[in-house]
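Participant: Before anything else, here's the structure in question.
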Amino acid sequence: MPIELDIARRLSFSSEQRAFTRWVAILSATGMAVGVASLIVVLSVMNGLAGELTGRLLNAVPHVSISSTGPLDESRALSQTLEGDWSGAQASPFIKRQVMLRSLFFSSGAELTGYAEDHSYSADVTLIDGNLAALSKERFSIALGNSLAQQLGVGVGDQVDAVLPQLSVTPLGPVPRYRRLTVRAVVSVGASPDSTLAWTSYESLQRLARARQPDGVQIRLADPGAAGIIAEQIKERVSKPSHVTTWADTNQSLFAAIRMEKVLVSILLSALIAVAAFSVVSSLTMSVSEKRSDIAALRVMGLTPRSVMISFLIHGLLLAVLGVVVGTFLGLGIAINLEGIMSGIERFFGWTLFDPDVYYIGGLPTKILVTDIIGIISGAVLLSIVAATYPAIRASRVSPVTALEGLHV
1 MPIELDIARR LSFSSEQRAF TRWVAILSAT GMAVGVASLI VVLSVMNGLA GELTGRLLNA
61 VPHVSISSTG PLDESRALSQ TLEGDWSGAQ ASPFIKRQVM LRSLFFSSGA ELTGYAEDHS
121 YSADVTLIDG NLAALSKERF SIALGNSLAQ QLGVGVGDQV DAVLPQLSVT PLGPVPRYRR
181 LTVRAVVSVG ASPDSTLAWT SYESLQRLAR ARQPDGVQIR LADPGAAGII AEQIKERVSK
241 PSHVTTWADT NQSLFAAIRM EKVLVSILLS ALIAVAAFSV VSSLTMSVSE KRSDIAALRV
301 MGLTPRSVMI SFLIHGLLLA VLGVVVGTFL GLGIAINLEG IMSGIERFFG WTLFDPDVYY
361 IGGLPTKILV TDIIGIISGA VLLSIVAATY PAIRASRVSP VTALEGLHV
């Protein structure tokens with residue numbers, strides 16, 4: 001065993017340390033463990049929430065959209081071609097309009113979409129009430145997102161007026177174009193689209209909007225992750241005026257905000273690790289003061305200043321690594337079992353911490369990324385090295401003569 005490592009081991013685990021010095025070392029390691037565990041748990045929860053949100057959005061939005069500034073000709077033929085080219089793909093021409101929905105007492109803006117294919121209405125959404133099949137069977141019927149239905153105060157069987165930002169000329173003058181629609185289904189995707197989601201049949205919206213051709217084609221894929229590659233291939237096939245977008249393009253600002261939140265939270269929680277790392281300075285400084293005579297004796301016996309510095313540097317790293325290891329296992333344990341922990345807290349106190357009707361989720365999903373764990377461990381160790389450097393250098397500069405004479409440098 002190298003002499004530096006043996007000295008560091010004795011410094012770290014010696015029973016001859018003063019009680020106060022030992023407690024400072026324990027608190028330093030504990031602070032490091034708490035900081036590392038907190039960062040692992042919080043980042044795992046943020047990853048889980050981002051994954052949950054992404055999954056729910058993918059259930060409600062098209063994975064690839066082909067739109068045009070003008071009517072998209074031969075859209076049905078294009079849909080059949082796209083479905084034939086990619087296994088598991090479902091394509092459908094659509095018409096989409098921004099409308100104002102009015103009930104008897106309330107009104108709210110919505111994005112009204114009419115699909116030409118019935119399978120587009122059978123996306124992975126939760127059917128709260130009613131029947132989605134009625135949209136294609138009954139003209140001027142509508143399905144609403146759960147939040148939108150609550151805002152309007154309507155349910156299945158009620159009627160709402162869909163008002164378009166277009167004018168119709170009548171003998172009494174121009175009036176907004178509108179149509180009364182019957183609510184036949186209430187659905188939920190468990191995310192923000194619930195507040196604006198509105199579906200009707202293609203024929204109903206075509207007649208209401210007086211659209212001769214569809215606005216574009218929407219595609220749902222078996223693998224949403226391949227949307228970017230498929231979108232590039234589609235761009236080479238469709239005419240230039242067409243605009244091809246993916247679900248990632250449509251929600252780019254949302255995912256950018258999520259990434260920014262993760263970065264900011266990481267920086268804030270890293271402050272805990274930084275404080276714990278620099279508390280190692282106090283522990284090592286006290287250890288240097290306490291071991292001055294021992295350092296002098298080692299120097300007299302031929303130990304070089306470099307070896308002294310390395311010994312105390314390893315001593316500080318041992319404290320930090322102990323905290324990092326404990327914190328890593330603690331954080332992983334909490335992150336893996338967080339759902340059970342939350343359930344136990346709810347049963348014990350009789351509370352519902354996350355009401356699905358308010359937060360869209362019934363718990364805190366977690367997703368542990370290896371890259372996050374490696375980054376946290378590396379950052380904690382690096383900060384510990386920086387923190388331990390000054391006391392280690394100070395230990396290497398202890399003069400054997402003055403130390404043995406009982407004098408301070």
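The opening position of the sequence shown corresponds to residue 1 in the numbering used here, with each subsequent residue numbered one higher. For every residue, glycine included, the Cβ atom is placed at its ideal position computed from N, Cα and C.
1. So, with DSSP's three-state summary, where would you put His-408?
2. Looking at the structure shown, is Met-46 part of a helix, part of a strand, or coil, going by DSSP?
3. Taking the runs of the alpha helix (DSSP H) that are 4 residues or longer, which of them lie wholly in the stretch 234-293?
4. Any chance you could list the beta strand (DSSP E) runs of at least 3 consecutive residues sitting entirely within the stretch 140-207, in chain order?
5. On the DSSP letters alone, give me the boundaries of the beta strand (DSSP E) that Arg-410 sits inside.
6. How far does the alpha helix (DSSP H) with Phe-312 in it extend, from its first residue to its last?
7. Below 8 Å on the Cβ atoms is my contact criterion, and I expect Leu-112 with Ala-198 to pass it. Report the Cβ-Cβ distance as a whole number of Å.
8. With 16 other CB atoms within 10 Å as the buried threshold, where does Thr-371 fall?
9. From Val-381 to Arg-299, what distance separates their C-alpha atoms?
10. Run through the DSSP bridge pairs and tell me what Met-100 is partnered with.
11. Around the Cβ of Arg-306, are there at least 16 other Cβ atoms within 10 angstroms (buried) or fewer (exposed)?
12. How big is the Cα-Cα spacing for Val-160 and Pro-176?
13. With a Cβ-Cβ cutoff of 8 Å, do Gly-411 and Ser-188 count as a contact?
14. Look at the alpha carbon of Ser-253 and the alpha carbon of Phe-349, and state the distance between them as a whole number of angstroms.
15. By Cβ distance, which residues of its chain are closer than 6 Å to Arg-184, with the 5 residues on each side in sequence left out?
16. Do Asp-215 and Phe-94 count as a contact pair if the criterion is CB distance below 8 Å?
17. Just to confirm, are Met-286 and Thr-21 a CB contact at a threshold of 8 Å?
18. With DSSP as the reference, identify every bridge partner of Pro-93, one or two as the case may be.
19. Starting from Asp-372 and walking both ways along the alpha helix (DSSP H), at which residues does that stretch end?
20. Measure the Cβ-Cβ separation of Gly-333 and Val-36 and say whether it is below 8 Å.
21. Got a sec, what are the start and stop residues for the alpha helix (DSSP H) Leu-135 sits in?
22. Going by DSSP in three states, Gly-363 sits in which element: helix, strand or coil?
23. Run through DSSP, which three-state label would Gly-55 get?
24. Skipping 5 residues on each side, what residues in its chain have a beta carbon closer than 6 Å to that of Val-326?
25. Given this structure, state the Cα-to-Cα distance separating Asp-6 from Gly-316, to the nearest angstrom.
26. Taking the beta strand (DSSP E) that Gly-130 belongs to, which residues open and close that run?
27. Please go through the same chain and pick out, in chain order, the residues whose beta-carbon is closer than 6 Å to the beta-carbon of Ala-392, but skip the five residues on each side of it.
28. Less than 8 Å between the beta carbons of Leu-152 and Val-99, yes or no?
29. Which of the three DSSP states, helix, strand or coil, is assigned to Val-61?
30. Once DSSP output is grouped into helix, strand and coil, what is the label at Gly-225?
31. Any idea what DSSP makes of Gly-350, helix, strand or coil?
32. Would the beta-carbon of Lys-262 fall within 8 Å of that of Met-46?
33. Going by the beta-carbon positions, is the gap between Ile-376 and Ile-3 smaller than 8 Å?
34. Taking the CB atoms as reference points, tell me whether Leu-284 and Ala-388 lie closer together than 8 Å.
Facilitator: To lay it out plainly:
1. Only weak support is given to the placement of His-408: the predicted model assigns it a pLDDT of 48, under 50, and the question is left unresolved by the model.
2. helix
3. Scanning the stretch 234-293 from its first residue to its last, the whole alpha helix (DSSP H) runs of 4-plus residues come out as 247-250, 252-290.
4. 141-145, 159-170, 173-188, 197-201
5. The displayed coordinates of the chain run from 1 to 409. Any statement about residue 410 would go beyond what the structure contains.
6. 305-336
7. About 5 Å separates the two Cβ atoms, so the contact holds.
8. Here Thr-371 is exposed: its Cβ has fewer than 16 other Cβ atoms, across all protein chains shown, within 10 Å.
9. 29 Å
10. Gly-109, Val-163
11. exposed
12. 15 Å
13. Since the first and last residues shown for the chain are 1 and 409, residue 411 lies out of range.
14. 38 Å
15. Excluding sequence neighbours, Arg-184 sits near Gly-130, Ala-134, Ser-141.
16. yes
17. yes
18. Pro-93 pairs with Val-217.
19. 370-396
20. no
21. Taken as a continuous stretch (DSSP letters only), the alpha helix (DSSP H) holding Leu-135 covers 134-137.
22. Note: Gly-363 maps to coil in three-state DSSP.
23. helix
24. Ala-33
25. For the pair Asp-6 and Gly-316, the Cα-to-Cα distance works out to about 14 Å.
26. 126-130
27. Met-309, Phe-312, Leu-313
28. no
29. coil
30. In this structure, Gly-225 counts as helix in the three-state DSSP scheme.
31. coil
32. yes
33. no
34. yes
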